[in-house]
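Under numbering that gives the first Met the number 0, the residue at position 10 of the sequence shown is numbered 9, and the numbers go up by one with no gaps.
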Amino acid sequence: MKQKTIAFQFERCLETNDHAQTLCKSFLKHGYAIYIVTGLPEQEFADYICDFALDTGIYHKNILFRKSGGCGNPVEQLKLTLFFSANEFEVRALNEGTPRPVACHLPYAQPEK
């Protein structure tokens, strides 16, 4: 059986969001591996995972990526079952044209005032 792997974009997602922590525990309980992506600046991370840059449009780098021989969806290439991102543009780009959602939007929790 293929290992099911969930990735969260940043540690901060888990640190600031109770919902993310609950999700994480639930996935672990159901046998998923949890991968937390850390150590990359936000833009570099977006380039690495999604092959798009916000300043050049969602599909710009993705098109370059495909022209250079890349194919398929970056989330699936990383063998992830699901990817949680705080960036809704990234989520939309990743889910574009896929038969099932491969990314979910999970915003950072806003600090209480």
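Where is the CB? At the ideal position from N, CA and C, for every residue including glycine.
(1) What did DSSP end up calling T4 once you bin it into helix, strand or coil?
(2) Leaving out five residues before and five after P100 in sequence, what residues of the same chain have Cβ atoms less than 6 Å from its Cβ?
(3) Mapping the DSSP letters down to three states, classify L79 as helix, strand or coil.
(4) Are the CB atoms of A19 and L81 within a distance shorter than 7 Å?
(5) In this structure, does DSSP put H104 in helix, strand or coil?
(6) Determine which residues share a DSSP beta bridge with S25 and list them.
(7) Go ahead and pull the three-state DSSP assignment for A92.
(8) Provide the residue(s) that pair with H32 in DSSP beta bridges, ordered along the chain.
On the basis of the data shown:
(1) Translated into positions along the sequence shown, residue 4 becomes position 5. Note: T4 maps to strand in three-state DSSP.
(2) If you number the sequence shown from 1, residue 100 lands on position 101. Excluding sequence positions up to five before and after P100, its CB lies within less than 6 Å of the CB of N94, all in the same chain and listed in chain order.
(3) Reading the sequence shown from its first residue, position 80 is the one you call residue 79. In the structure shown, the three-state DSSP call for L79 is coil.
(4) Mapped onto the sequence shown, residue 81 falls at position 82. Mapped onto the sequence shown, residue 19 falls at position 20. Taking 7 Å as the Cβ cut-off, L81 and A19 do not qualify as a contacting pair.
(5) The count along the sequence shown starts at 1 and reaches residue 104 at position 105. In the structure shown, H104 sits in a strand (DSSP, three-state: E or B).
(6) Within the sequence shown, the letter at position 26 stands for residue 25. Within the DSSP bridge table, the entry for S25 names no partner.
(7) The sequence position of residue 92 within the sequence shown is 93, counting from 1. DSSP, reduced to helix, strand and coil, places A92 within a helical segment of the structure shown.
(8) Taking the first residue of the sequence shown as position 1, residue 32 is located at position 33. A quick correction: the sequence has Ala, not His, at residue 32. Paired residues: T4.
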